Amino acid sequence: MNSDMHANPKGLTITGWALTVPVVGLLCFSALGKFMGGPEFDKNFVVKLGYPASTRIPIALAEVACIVLLLIPRTCVLGAVLLTGYMGGAMATHIRVEEAWFVQFLVGVVGWLTVYCRVPAVRRVLPIRSEASSKI
152 MNSDMHANPK GLTITGWALT VPVVGLLCFS ALGKFMGGPE FDKNFVVKLG
202 YPASTRIPIA LAEVACIVLL LIPRTCVLGA VLLTGYMGGA MATHIRVEEA
252 WFVQFLVGVV GWLTVYCRVP AVRRVLPIRS EASSKI
């Protein structure tokens, strides 16, 4: 088997990791806020968003799980799948309380884009082709 078949172009790898940094940064910031809590955070989390205070830590742990899995090359696809579910829940929460939800959508999309750039197997399964190259 040709070893070049599994190689990832350096530019795509760098792009993938460069896109990973803001996604992970936003998730870390969000998880840290949940772990630290505080009166203002709890007011928003419980009163405005409608979550029980007891769910703050488990939700933060779910974010940390997404972060860790997304950062480890062997588990980054699983991390992207879990991130999709997590961000879908975040979007639903913001839509329900009539708040902007585009950031949550964008984090999910960019999360998958990082994996698309970093993992050649994902690009083989989900190829992006021009119309001319897709005609057989």
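The opening position of the sequence shown corresponds to residue 152 in my numbering, with each subsequent residue numbered one higher.
Ideal placement from N, C-alpha and C gives every residue a C-beta, glycine not left out.
Owing to the predicted nature of the structure, the values given are computational and were not obtained by experimental measurement.
To the nearest angstrom, report how far apart residue i and residue j are at their CA atoms.
i, j, result
"Val172", "Val261", "10 Å"
"Ala158", "Thr164", "10 Å"
"Pro203", "Lys161", "45 Å"
"Pro190", "Val276", "46 Å"
"Arg207", "Ala213", "10 Å"
"Thr265", "Leu183", "22 Å"
"Leu233", "Cys227", "10 Å"
"Val248", "Gly240", "13 Å"
Are residue i and residue j close, meaning C-beta to C-beta below 8 Å?
i, j, result
"Val273", "Tyr267", "yes"
"Thr244", "Leu200", "yes"
Mind checking residue i: buried by the 16 CB within 10 Å criterion, or exposed?
i, result
"Val174", "buried"
Between the Cα of residue i and those of the options, spot the shortest distance and give me the residue it belongs to.
i, options, result
"Arg269", "Lys199, Ile210, Arg247 and Leu222", "Leu222"
"Met242", "Ile208, Leu220 and Val254", "Val254"
"Cys217", "Val197, Lys185, Cys179 and Val248", "Cys179"
"Thr235", "Thr166, Phe256 and Ala251", "Phe256"
Within the stretch 195 to 264, note down every full alpha helix (DSSP H) run reaching 4 residues or more, in order along the chain. 207 to 222 and 227 to 247
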